[in-house]
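Respectively, the protein sequence lines represent chains V, W and C. Sequential numbering from 21 applies to the first sequence in my numbering. Sequential numbering from 60 applies to the second sequence in my numbering. Sequential numbering from 69 applies to the third sequence in my numbering. Some notes on the structure that comes next.
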Amino acid sequence: MLKRFSIAAIAATAAVILVTAGCGTKSAQEIPIGEYASLTGDTAEFGVSTHNGILLAVEEVNKSGGILGKKIRLYTEDDRSDPTEAVTAVSKLINQNGVVAVLGEVASSRSMAAAPVCQANRVPMISPSSTNVEVTRKGDYIFRICFIDPFQGYVMAKFARDTLKIGKVAILKDVKQDYSVGLAQSFSQHFQKMGGTIVKEASFSTGDTDFRPQLTAIKAASPEAIYVPAYYQAVALIARQARDLGITVPLLGGDGWDAPGLVRIAGKAVEGCYFSNHYSVDSENPTSKRFVEAYTKRFKEKPNALAALGYDAARILFDAIKRAGTTESAALRNAIAATKNFAGVTGTITIDKDRNAVKPAVVLKIVNGKFVYQQTINPE
Amino acid sequence: MQELTQQLFNGLIWGGVYALIALGYTMVYGVLRLINFAHGDVYMVGAYLAFFTIAALGSSASSIAGVATVFLTAMAGCAVLGLTIERVAYRPVRNAPRLTALITAIGVSLFLENGGQLLFGPNPRAFPQILTARHVLSLAGVSVSSLQIAIIATVVILLLLLELLVHKTKVGMAMRAVSYNRSVASLMGINTDHIIAFTFALGSALAAVAGILVGLYTGTIEPLMGLLPGLKAFIAAVLGGIGSIPGAMLGGFVLGMAEVLVVAVGYSTYRDAIAFALLVLILLLRPTGLLGTGTVEKV
Amino acid sequence: MSLCVLKNMPQLATETANLKPSRSSGGTRTFLKTVLLIVAIALALACLDPLLSNRELFSPYAFRILMLIGINITLAVSLNLVNGLAGQFSIGHAGFMAVGAYTSAALTYYVMGYPHGGILSTLWILAAMIVGGVAGGIAGFLVGIPSLRLRGDYLAIVTLGFGEIIRIIILNVDAVGGPRGFSGIPYLTSFFWVWSTALGTIALSRNLVTSTHGRALMAIREDEVAAQAFGINTVRYKVAAFVLSSSLAAVAGVLYAHYDTYLNPSSFGFIRSFEVIIMVILGGMGSTSGAVAGAVIVTLLPELLRAAAAVRMLLYSALLIALMLLRPQGIMGHRELSWKQIQSLFLRQRRRAKA
Numbered sequence: 021m022l023k024r025f026s027i028a029a030i031a032a033t034a035a036v037i038l039v040t041a042g043c044g045t046k047s048a049q050e051i052p053i054g055e056y057a058s059l060t061g062d063t064a065e066f067g068v069s070t071h072n073g074i075l076l077a078v079e080e081v082n083k084s085g086g087i088l089g090k091k092i093r094l095y096t097e098d099d100r101s102d103p104t105e106a107v108t109a110v111s112k113l114i115n116q117n118g119v120v121a122v123l124g125e126v127a128s129s130r131s132m133a134a135a136p137v138c139q140a141n142r143v144p145m146i147s148p149s150s151t152n153v154e155v156t157r158k159g160d161y162i163f164r165i166c167f168i169d170p171f172q173g174y175v176m177a178k179f180a181r182d183t184l185k186i187g188k189v190a191i192l193k194d195v196k197q198d199y200s201v202g203l204a205q206s207f208s209q210h211f212q213k214m215g216g217t218i219v220k221e222a223s224f225s226t227g228d229t230d231f232r233p234q235l236t237a238i239k240a241a242s243p244e245a246i247y248v249p250a251y252y253q254a255v256a257l258i259a260r261q262a263r264d265l266g267i268t269v270p271l272l273g274g275d276g277w278d279a280p281g282l283v284r285i286a287g288k289a290v291e292g293c294y295f296s297n298h299y300s301v302d303s304e305n306p307t308s309k310r311f312v313e314a315y316t317k318r319f320k321e322k323p324n325a326l327a328a329l330g331y332d333a334a335r336i337l338f339d340a341i342k343r344a345g346t347t348e349s350a351a352l353r354n355a356i357a358a359t360k361n362f363a364g365v366t367g368t369i370t371i372d373k374d375r376n377a378v379k380p381a382v383v384l385k386i387v388n389g390k391f392v393y394q395q396t397i398n399p400e
Numbered sequence: 060m061q062e063l064t065q066q067l068f069n070g071l072i073w074g075g076v077y078a079l080i081a082l083g084y085t086m087v088y089g090v091l092r093l094i095n096f097a098h099g100d101v102y103m104v105g106a107y108l109a110f111f112t113i114a115a116l117g118s119s120a121s122s123i124a125g126v127a128t129v130f131l132t133a134m135a136g137c138a139v140l141g142l143t144i145e146r147v148a149y150r151p152v153r154n155a156p157r158l159t160a161l162i163t164a165i166g167v168s169l170f171l172e173n174g175g176q177l178l179f180g181p182n183p184r185a186f187p188q189i190l191t192a193r194h195v196l197s198l199a200g201v202s203v204s205s206l207q208i209a210i211i212a213t214v215v216i217l218l219l220l221l222e223l224l225v226h227k228t229k230v231g232m233a234m235r236a237v238s239y240n241r242s243v244a245s246l247m248g249i250n251t252d253h254i255i256a257f258t259f260a261l262g263s264a265l266a267a268v269a270g271i272l273v274g275l276y277t278g279t280i281e282p283l284m285g286l287l288p289g290l291k292a293f294i295a296a297v298l299g300g301i302g303s304i305p306g307a308m309l310g311g312f313v314l315g316m317a318e319v320l321v322v323a324v325g326y327s328t329y330r331d332a333i334a335f336a337l338l339v340l341i342l343l344l345r346p347t348g349l350l351g352t353g354t355v356e357k358v
Numbered sequence: 069m070s071l072c073v074l075k076n077m078p079q080l081a082t083e084t085a086n087l088k089p090s091r092s093s094g095g096t097r098t099f100l101k102t103v104l105l106i107v108a109i110a111l112a113l114a115c116l117d118p119l120l121s122n123r124e125l126f127s128p129y130a131f132r133i134l135m136l137i138g139i140n141i142t143l144a145v146s147l148n149l150v151n152g153l154a155g156q157f158s159i160g161h162a163g164f165m166a167v168g169a170y171t172s173a174a175l176t177y178y179v180m181g182y183p184h185g186g187i188l189s190t191l192w193i194l195a196a197m198i199v200g201g202v203a204g205g206i207a208g209f210l211v212g213i214p215s216l217r218l219r220g221d222y223l224a225i226v227t228l229g230f231g232e233i234i235r236i237i238i239l240n241v242d243a244v245g246g247p248r249g250f251s252g253i254p255y256l257t258s259f260f261w262v263w264s265t266a267l268g269t270i271a272l273s274r275n276l277v278t279s280t281h282g283r284a285l286m287a288i289r290e291d292e293v294a295a296q297a298f299g300i301n302t303v304r305y306k307v308a309a310f311v312l313s314s315s316l317a318a319v320a321g322v323l324y325a326h327y328d329t330y331l332n333p334s335s336f337g338f339i340r341s342f343e344v345i346i347m348v349i350l351g352g353m354g355s356t357s358g359a360v361a362g363a364v365i366v367t368l369l370p371e372l373l374r375a376a377a378a379v380r381m382l383l384y385s386a387l388l389i390a391l392m393l394l395r396p397q398g399i400m401g402h403r404e405l406s407w408k409q410i411q412s413l414f415l416r417q418r419r420r421a422k423a
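Following this line, the structure appears as structure tokens:
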């Protein structure tokens, strides 16, 4: 009896949900914006950081009166770090919450899964940090405000050859992250084109915590530097273990290094290492400083690159809404596509014809635990 | 050759860690025939408990008393966690179909992982190096750090203590009795509930030690750190013959070595696959694991 | 326990003999009735399809949930054939789903040339389902032959291992995307295909349960040694169940691939396998309707809990534990929801209304 009742109850609730799913509670005084992020699951850290950045931007803009006289209403859906869930989350945002634009995602895999849905529904999607080239090729409603993988690989290759005058580099990449694989590929290509040699290429998997086998093999190949285009958690451990094994050459990396946790975990092991980035958290740029202050006050910790990118993505969206004067989908899309020299925390951003961000990269060196600016490298 | 010995030595460390975690799996399986999928997450909680204890102790954490306190607190905390999980989630379904308890275990695992992410934040934390600063020694051309020696020593001592406990004490005998036949053991006057609880507590404490050692060795902890090691330790336990304590130890070391060797040879992309392939191969040749007792099925 | 089964074995044997389908005069009548029923259901699905796919009439979000439920039903019921019916503990199901998904996607992506409409797309999805299903069956055969010699938890580990091996192999094949994933797969799935597969799988499972083969599998589940003693070729039956189960899972994978049009190896890890196991056990092992109920609940619950935002997964896991503690045998236990029960439910209500 109880069983039948509970089954009926679940069925009834489900039916109610499904029926009312079509009607979104839309307030005329609000602009609904959607965000899908990995708030749980194995990339929860990235999703939460990005979410915090976006949240800060939304709160700031609402405090100053909103856009076009209306407040921004942020709908956030968790995708559990899973591509299938990402599609479901975006479907809900578009169909149930009636959002005018979608922000997300960090991982290129989930961006690629969800992009077709946004494109088919003509809802502009802005990815804050998906770097695989395929993402924006999904359609003309799909944008990104970050580097694409090939660019960062080029940046570090150029820096290593021209500035550090290095000829032999070993690569240690994360074979489970397309970000890492993409950067490694691009670096290798450009570095060899510029006359350098890749003496050893090794790989690991996300979640590994012991890299001694790979590092031992790399040490035997005597490189002048090691390119580790991975996320900071792995990089910190790699640096420490490398030093333990007696490897003294500098490590090179990409924007995945940018986090307060890198120096906290790696300590002296990353001294004298270099990485390419969008910006520096210690930057003197007033926009950056204001952002870092506000973020630290709100979330009690310093922002990392993903938070900064989330913040910029949201603000570019708001700027586009303002410029378009409307939230109508085609007009909004055009406005986003026309973004020029937007003063973001992560650099001056222009959206190019492929809907990717054109922005210079900076190379930073770790000196006394701080990220110190070395030079700017422009797109070729 | 030197590189190979170096790699093998590194494998020894991870083998020891997997062995410690595998022991918890195998002991619980022995007395309950339950695969406690939440075990890997208990290991994670142990690491975090140690982390917070160190933070509370401040600078005195590096002293001998401090280190002991950290270990004991984490072990005690995890023992309590293990007891709680057993009491709340497993005891009610003890007489239900085995697979029910499996789902409950998965549920507990998910609960701990998501709870950890919410409570501790998903960001990894730097684990303070409370054991004395590492000197790199050189033994027969293999570079060894004092931390690695400490880890191996800890693992070996714990394994020996466990063997002593299981074979030379009354409690150990009771544990073995319960693992052979629970109903008969209770007929013999053994309080099976107590023994099962004790087994859980013991296994969880060992997992806590493993968590601290990994935190020290890798320098970082995060809420999902128990997912993969837990799975690998489970594989190690089955590899060695689930229910057999020496089997868990052997399985742990074999798996640790195999992994390191595969990566060293250069096939790190296939590392997990080869570990599994090895597992499959061994099980096909010895269907009850390396040291498992083949249970003769009586008709 | 084995003694009890031995005692019942003769009874079981005679029952089995009596279950032989009779090719008497009533046979053609029931055959026609079945065919009519199938045609009616197919027509119903075909009519529902455009209605439910219509964005104006029916929320696309709800539609997506319906599609996911349908795919999960196929997965859960197919796994139930092995786990519930045959009692073999397999936790590598996601691997077979991946095999079906990737082989069919490679076929349609590289061979088909997209887009197509109308009758051609129907032919292509059929081709994809057949190719995927066969690939899944082959994978199931290759995994099953060595694995099914093992018992209990050892079998579990080996199937888990094979599932991961399959996933890692796919991760290293660049032609299907590797870690970056496989995108641009043609959109060929429809409500009709997902639900006809789901209903077909349910029908297949129900028929299997009441057939001699089903009885043999149940005998193997209850006591393998005794079953062998009674002349049941346990190896053949176990492998057959495994192959059937894996090909159905592969077909589910095909439908999924051509629905989301994007595949990533990370979607097919042991976590996905665990999800399917949860569906089967939550619903009640060995029960087809249980597997269906489990699939519905596991798909629906996270969606219903979306309002809980940050604590959603925490709540989900707590509910999972609570459900298993409250009803350890699963929602349906070992019992099945039969037509008679559904009919009596309506009749009883009608009777109550009259009174």
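We treat Cβ as the ideally placed atom computed from N, Cα and C, and that holds for glycine. Note that this is a predicted model, so its numbers are computed, not measured.
Check	Outcome
Buried versus exposed, by CB contacts within 10 Å (16 or more), Arg-164 (chain V)	buried
Ser-121 (chain C): CB within 6 Å of a non-hydrogen atom of the ligand NAD	Among the components modelled here there is no ligand, and therefore nothing to report on the ligand NAD.
CB of Leu-196 (chain C) within 7 Å of CB of Val-322 (chain C), strictly	The question names Leu, but residue 196 (chain C) in the sequence shown is Ala. Result yes, Cβ atoms of Ala-196 (chain C) and Val-322 (chain C) sit closer than 7 Å.
Coil, strand or helix - Gly-42 (chain V) by DSSP	Residue confidence for Gly-42 (chain V) is low, a pLDDT of 45 falling below 50, so the modelled location carries little weight; the figure read from the coordinates is stated next. It is coil, neither helix nor strand.
Neighbour-count burial assignment, Gln-49 (chain V), 16 or more Cβ in a 10 Å radius	exposed
Within-7 Å CB hit, Gln-212 (chain V) to chain W	no
Three-state secondary structure (DSSP) of Glu-400 (chain V)	coil
Residue range of the unbroken beta strand (DSSP E) whose run includes Val-147 (chain W)	Looking at the DSSP string, Val-147 (chain W) is not in any beta strand (DSSP E), and its letter there is neither H nor E.
The region 234 to 257 of chain V: positions lying closer than 8 Å to chain W by Cβ	Gln-234, Thr-236, Ala-237, Ala-240, Gln-253, Ala-256, Leu-257
Simplified DSSP state of Thr-307 (chain V), which is helix, strand or coil	helix
Those residues which DSSP pairs with Phe-224 (chain V) across a bridge	V:Asp-194
Neighbour-count burial assignment, Glu-105 (chain V), 16 or more Cβ in a 10 Å radius	buried
Beta carbon of Thr-60 (chain V) nearer than 7 Å to that of Asn-173 (chain W)	yes
Presumed contact (8 Å Cβ cut-off) between Ala-325 (chain C) and Ala-144 (chain C), rounded CB distance	About 18 Å; that fails the 8 Å criterion.
Residues of the region 372 to 386 of chain C whose Cβ lies closer than 8 Å to any Cβ of chain V, in chain order	Leu-372, Arg-374, Ala-377, Ala-378, Arg-380, Met-381
CB of Lys-188 (chain V) within 7 Å of CB of Pro-243 (chain V), strictly	yes
Sufficient close CB pairs (3 or more, under 8 Å) joining the region 289 to 301 of chain C to the region 222 to 241 of chain C	no
Cutoff 7 Å: Gly-42 (chain V) Cβ touching any chain C Cβ	Here Gly-42 (chain V) scores only 45 on pLDDT, less than 50, and its place in the model is too uncertain to base an answer on.
Cβ-based burial, Cys-293 (chain V) [other Cβ within 10 Å; buried from 16]	buried
Segments of 4+ residues assigned as alpha helix (DSSP H) that fall wholly inside the region 141 to 224 of chain C	161 to 175, 186 to 215
Collapsed DSSP secondary structure at Arg-164 (chain V) in the structure displayed	strand
Beta strand (DSSP E) runs wholly inside the region 206 to 285 of chain V, at least 3 long, in chain order	217 to 224, 245 to 247, 271 to 273
Any C-beta of chain V under 7 Å from that of Ala-185 (chain W)	yes
Between the CA atoms of His-71 (chain V) and Gly-44 (chain V) - distance to the nearest angstrom	Because the pLDDT of Gly-44 (chain V) is 49, which lies under 50, any placement of that residue in the model is unreliable, and the number read from its coordinates should be weighed accordingly. About 23 Å.
Contact the region 326 to 339 of chain C vs the region 255 to 262 of chain C: 3+ CB pairs below 8 Å	yes
Cβ contact check for the region 270 to 286 of chain W and the region 144 to 163 of chain W: 3 or more pairs under 8 Å	no
Residue nearest to Met-180 (chain C) in terms of C-alpha spacing, selected from C:Ser-313, C:Arg-248, C:Trp-192	C:Trp-192
Whether Trp-263 (chain C) touches Gly-362 (chain C) by CB criterion (7 Å)	no
Interface residues of chain W facing Tyr-222 (chain C) [CB-CB closer than 9 Å]	Val-297, Ile-301, Leu-342, Pro-346, Thr-347, Gly-348, Gly-351
Residues of its chain near Ile-271 (chain W), where Cβ-Cβ distance is below 8 Å and the 5 sequence neighbours each way are ignored	Gly-105, Ala-106, Ala-109, Val-129, Phe-130, Ala-133
Alpha-carbon spacing of Phe-312 (chain W) relative to Ala-115 (chain W), whole angstroms	34 Å
Proximity below 7 Å, CB of Ile-341 (chain V) to CB of Ile-87 (chain V)	yes
The region 166 to 180 of chain V touching the region 203 to 211 of chain V, judged by at least three CB pairs closer than 8 Å	yes
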